[in-house]
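The sequence shown begins at 323 in my numbering and counts up by one. Positions of the beta carbon are idealized from the N, C-alpha and C atoms, including for glycine. Treat the numbers as computed from the prediction; the structure is a model and nothing was measured. Single-structure report; data block below.
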Amino acid sequence: MAQPSPTLFVLIIALVALGPLSTDLYLPALPALVADLETDVAHGQLTLTAYMIGFAFGQLVYGPLSDRFGRKPVILSGLALYAAASLACVWTENITMLLAARVVQAVGACVGPVLGRTIVRDVYGPVDATRMLAHVGSAMAIAPMVAPLIGGVITSHFAWRGNFVALFCYAAVTLVAILWALPETNAHRGKASFGFLRSFSVLLSDRRFRWLLLSNACGYAALFAFISGSSFVFIGMFGFTPVQMGLAFAVMVTGFFAGSVASARLSRRLGAERLLRLGGWIGLGGGSAMGLWLLLAPSPLGVMLPMWLCGAAAGLLMPNATGLALAPYPKIAGAAASLLGFSQMGIAAVAGTLVGHLLGETPLPMAAVIAIVMAISWWSTQQAAPANCRGAPTS
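Here it is as structure tokens:
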């Protein structure tokens, strides 16, 4: 059985960061991409939505496969597929080809986050997993914080295709590192108690698992609604440059970082249930504040400051909901992580599509979508961890 180590922690972060890097790095390039491929904003945003759809459905496969065959071979296969699809994105000649390549890229990419979280459950067990997921979240927050900044620089010097060259290089380096340094962590491989569909049935019959799944998914959907609309709002409506847009995006990410750090440090004292409820309340406040602020006095601050609160809420919601959901299911942890990831990306894709189609002359549609999914997440936390549920603090 693999033991916790600094090397393993770094590998987990590299895997989990594959998701946000693949969406956030090229955000400043979206307007240039739209112009170069002679398409419109809605189709440009579809490059994000197509990615999320592929990401969602791919996770349904990787988790159960890793329960049966082990984490490492499945991870290596996914990374190889991702690298090939990244090169296809570089060579694309029209928006249709790019959308197809993004779907394939997403199917490869999702192996990182879904099995990164599963490895945490394998190695750290049901008690420490929530705290370690928060540590992973705070560390990987660096990826979406710096990715738009790096993407802005790459776009300025190498055009939008340079971002996909960078993603190919990241995947290649990560693949070599996994091949060399990652031990197999699944002690139960080949011994799962249920079949593929039976595992999903067992999980979805658990009422608390369903509420935790929805809380986690809607928390991420708020972030993705912002990701989908941020470049068009800040560059197209407020006149930011790509680099300035990257800086504005980083504000939200510092909120996510703060929430993740708070979750890791307070988990032993307060327990996962209380932190989950706290995240729900903060998200409800942030989403409501953005809608009211932009309705009364539209400005960049009206997006950035409330989004900081929503980012902090997600930093509290996601590791605690994930840890609580995975804890009871060690033998089908991969399947559980797959369902969490599928719902997360599926609901995020819906939120992103709504933003792409509703955005017009103001950022209000984006704010409305964020407020709605944050309200749903808040309600889900109240059902999954009611105020009279104290639960055992994680340790």
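Taking Cβ positions, are alanine 402 and glutamine 427 nearer each other than 8 Å? no
6 Å Cβ shell around threonine 440 - same chain, five flanking residues per side excluded: Ala655, Gly656 and Ala659
For serine 665, which residues in the same chain have their Cβ closer than 6 Å to its Cβ, ignoring the five residues on either side in sequence? Leu535 and Ala539
Identify which residue in Leu340, Val695 and Ile604 has its Cα closest to the Cα of valine 495. Leu340
Can you give the Cα-Cα distance for isoleucine 500 and phenylalanine 377, rounded to whole angstroms? 20 Å
Do you know whose CA, among Glu506, Phe391 and Ala354, lies nearest isoleucine 334's CA? Glu506
Cα separation between leucine 489 and threonine 345? 10 Å
With a CB to CB cut of under 6 Å and the five nearest residues on each side skipped, what residues in its chain are close to glycine 400? Gly430 and Val433
Three or more beta-carbon pairs under 8 Å between the stretch 669 to 676 and the stretch 470 to 489, yes or no? no
Take methionine 667 as the anchor and find which of Ala354, Gly380, Ile464 and Leu355 has the nearest alpha-carbon. Gly380
Kindly give me the distance between the Cβ atoms of glycine 637 and glycine 366, rounded to whole angstroms, as I take these residues to be in contact under 8 Å. Not a contact, Cβ separation roughly 28 Å.
Residues near leucine 686 by beta carbon distance below 6 Å, same chain, minus five either side: Leu616
Looking at C-alpha atoms only, which residue of Tyr446, Tyr492 and Val555 is the closest neighbour of alanine 509? Tyr446
For the alpha helix (DSSP H) containing threonine 563, name the first residue and the last one. Note, threonine 563: premise wrong, no alpha helix (DSSP H); not H, not E.
Taking buried to mean at least 16 other C-beta atoms within 10 Å of its own C-beta, is aspartate 444 buried or exposed? buried
Isoleucine 654 (DSSP reduced to helix, strand or coil): coil
How is the alpha helix (DSSP H) around cysteine 411 delimited, first residue to last? 393 to 413
For the stretch 617 to 637 and the stretch 410 to 418, state whether three or more C-beta atom pairs, one from each stretch, are separated by less than 8 Å. no
For tyrosine 384, which three-state DSSP category applies? helix
Output yes or no for whether 8 Å exceeds the beta carbon distance between alanine 594 and glycine 645. yes
Does the stretch 348 to 362 touch the stretch 383 to 400, meaning 3 or more C-beta pairs lie closer than 8 Å? no
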